[in-house]
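Just so we're aligned, residue 1 is where the sequence shown starts under UniProt numbering, counting upward by one.
Heads up, the beta-carbon is just placed ideally off N, CA and C, and yes, glycines get one too.
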Amino acid sequence: MLEYLASWASSKSKIFSGESLIVDLSEKLGDEVKAQYIEIEGNGLLSRATLWETGNLVLEAIDIESEQHAISEIYELRDHAQIDDKLNWWLSEIATYEKV
């Protein structure tokens with residue numbers, strides 16, 4: 001499961017650069033249950049997607065100025081297609097974010 005996060009990030013590199021997003025992919029973390037996260041900063045948001053090897057996915061985005069959560073979602077996913085769908089939704093929300 002975790003390998004998919006790096007693959008997804010690599011496939012979106014043109015979007016990241018086109019939207020001037022700063023992206024950081026962590027190493028695999030954890031002892032018993034491994035996890036990995038990707039952080040994206042841009043468009044007024046600091047965002048993180050954390051994926052556990054169990055298929056749990058946490059999507060977050062915080063407005064840098066107001067410190068309010070723009071996105072806070074938790075999912076239990078079973079396959080790459082579901083992960084792809086949720087990560088693509090998260091990225092589109094980041095790219096189109098407008099301050100209220």
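How far does the beta strand (DSSP E) with residue i in it reach, from first residue to last?
{"i": "residue 82", "result": "Careful: residue 82 lies outside any beta strand (DSSP E), inside the alpha helix (DSSP H) at 80-95."}
{"i": "residue 51", "result": "45-52"}
{"i": "residue 42", "result": "35-42"}
{"i": "residue 72", "result": "69-76"}
Below 9 Å between beta carbons: does that hold for residue i and residue j?
{"i": "residue 74", "j": "residue 91", "result": "no"}
{"i": "residue 1", "j": "residue 45", "result": "no"}
{"i": "residue 57", "j": "residue 86", "result": "yes"}
{"i": "residue 55", "j": "residue 32", "result": "no"}
{"i": "residue 19", "j": "residue 43", "result": "yes"}
Assuming residue i contacts residue j (C-beta within less than 8 Å), just tell me the rounded distance between them.
{"i": "residue 3", "j": "residue 24", "result": "About 17 Å separates the two Cβ atoms, so there is no contact after all."}
{"i": "residue 41", "j": "residue 21", "result": "7 Å"}
Within the same chain, show all residues whose beta-carbon is closer than 7 Å to that of residue i, passing over the 5 residues directly before and after it, in chain order.
{"i": "residue 6", "result": "25"}
Excluding the five sequence neighbours on either side, which residues of its own chain have a C-beta within less than 8 Å of the C-beta of residue i, listed in chain order?
{"i": "residue 28", "result": "2, 34, 35 and 36"}
{"i": "residue 93", "result": "61, 70 and 71"}
Residues in its own chain within less than 6 Å of residue i by CB, not counting five upstream and five downstream?
{"i": "residue 9", "result": "25 and 38"}
Grab the span of the alpha helix (DSSP H) containing residue i for me, first residue to last.
{"i": "residue 5", "result": "2-11"}
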